[in-house]
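Right, one structure below, let's go through it.
Residue numbers (this note's numbering): 102 to 437.
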């Protein structure tokens with residue numbers, strides 16, 4: 102065989118090792134024990150030929166698809182990227198390959214194109230990062246017969262969910278700021294995956310329980326630049342002493358805007374972020390935040406999918422609580 106003419110196949114490995122094709126498959130997949138002597142011969146042939154197992158071919162031999170598709174609208178933001186890391190780590194340990202498809206927008210054509218691209222491959226199941234409108238839209242376009250799990254801050258849609266309890270985390274942060282003596286807490290929002298936004302719900306619920314009317318939500322999208330502009334706007338208001346931000350990137354942009362407008366954090370305005378971005382503790386002042394374990398969210402997402410695929414325990418939801426991490430960016434309100 103000329104290596105330049107074509108890629109080596111499993112048949113080539115079997116011929117060089119002097120074993121059957123099923124034996125090569127058993128060695129590669131670990132599905133059935135093979136004698137040490139035959140395993141050594143197969144692995145020596147794999148190395149000599151430079152053979153790389155093909156997922157589709159492996160599926161034909163084992164009867165099980167080996168690819169997991171992940172649908173996400175973004176792969177660069179901290180929460181998204183770390184969730185993907187957790188999914189990939191868990192999938193790799195279970196012998197699966199992860200294929201990521203990015204959903205550009207929540208426009209129907211874009212969502213359908215992403216779903217079609219993902220399902221054009223022989224996938225065993227799908228994990229959807231339902232953090233925003235594109236993810237929520239994709240979830241509704243997947244076939245009912247396909248094993249599907251959602252990773253998000255909420256439940257619903259008739260599929261198993263790995264959940265981060267955004268509502269409880271936002272309540273804890275808001276109650277903490279009110280407990281410091283702030284009369285109210287303003288909220289700078291990220292986009293939501295549906296009508297019920299867990300972070301906004303928790304913020305508003307804590308204010309309502311304290312008998313405080315919630316001020317208007319300040320929408321920043323995912324853009325720290327917009328949060329920076331909001332910070333400059335809020336700097337001119339005497340009624341603003343505490344702000345909860347929908348994520349840490351927005352909190353960093355907001356604090357920069359306050360700083361450039363001449364307001365001090367936390368002496369004039371306290372700021373609390375969300376998610377536990379690793380750069381938050383290196384900010385000046387160090388950022389108080391609601392810390393969430395996104396890598397664990399990814400691992401739990403794959404564990405739920407494994408249950409649907411028959412490789413793990415079946416469950417409908419998996420939820421963990423967030424943790425408030427108090428640092429330098431929050432404190433009592435200024436004395437007027």
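Cβ coordinates follow ideal geometry from the N, Cα and C atoms, glycine included.
Compare the C-alpha of residue i against each of the options and name the closest.
i: residue 266; options: 280, 435, 222 and 301; result: 301
i: residue 438; options: 204, 309 and 372; result: Look at the range of the chain in this structure, 102 to 437, and you will see that residue 438 is not part of it.
i: residue 391; options: 108, 428 and 200; result: 428
i: residue 171; options: 195, 362 and 200; result: 200
i: residue 382; options: 344, 246, 426 and 116; result: 426
i: residue 121; options: 187, 365, 143 and 108; result: 143
i: residue 188; options: 431, 435 and 398; result: 398
i: residue 179; options: 230, 195, 194 and 139; result: 230
i: residue 309; options: 289, 335 and 279; result: 279
i: residue 311; options: 320, 324, 318 and 283; result: 283
i: residue 336; options: 111, 281 and 365; result: 365
i: residue 320; options: 219, 386 and 355; result: 355
i: residue 359; options: 338, 375 and 379; result: 338
Within 8 Å (strictly less), CB to CB, does residue i reach chain B?
i: residue 112; result: No chain B is part of this structure, which consists of one protein chain only.
Residue j and residue i - do their beta-carbons sit closer together than 8 Å?
i: residue 227; j: residue 243; result: yes
i: residue 272; j: residue 327; result: no
i: residue 197; j: residue 221; result: no
i: residue 264; j: residue 249; result: no
i: residue 345; j: residue 298; result: no
i: residue 438; j: residue 213; result: In the structure as shown, the chain starts at 102 and stops at 437, and residue 438 therefore has no counterpart that could be examined.
i: residue 150; j: residue 114; result: yes
i: residue 393; j: residue 377; result: yes
Drop a sphere of 10 angstroms on the beta-carbon of residue i, count the other beta-carbons inside from all chains shown, and report buried for 16 or more, exposed for fewer.
i: residue 353; result: buried
i: residue 332; result: buried
i: residue 119; result: exposed
i: residue 136; result: exposed
i: residue 347; result: buried
i: residue 325; result: buried
i: residue 436; result: exposed
i: residue 217; result: exposed
i: residue 173; result: buried
Ends of the beta strand (DSSP E) at residue i?
i: residue 69; result: Missing from the structure shown is residue 69; the chain here goes from 102 to 437 and no further.
i: residue 202; result: 198-203
i: residue 424; result: 424-426
i: residue 298; result: It is not in any beta strand (DSSP E) - residue 298 carries neither H nor E in the DSSP assignment.
i: residue 168; result: 168-173
i: residue 419; result: 418-421
i: residue 289; result: 287-290
Could you give the first and the last residue of the continuous alpha helix (DSSP H) run that contains residue i?
i: residue 141; result: 137-150
i: residue 108; result: Segment: none, residue 108 is in no alpha helix (DSSP H) and carries neither H nor E.
i: residue 192; result: 179-194
i: residue 281; result: Premise fails: residue 281 is in no alpha helix (DSSP H) and is neither H nor E.
Which runs of the alpha helix (DSSP H) spanning at least 4 residues fall entirely within the segment 219-262, listed in chain order? 234-240
Complete runs of the alpha helix (DSSP H) confined to the segment 311-390 [at least 4 residues]: 325-335 and 349-361
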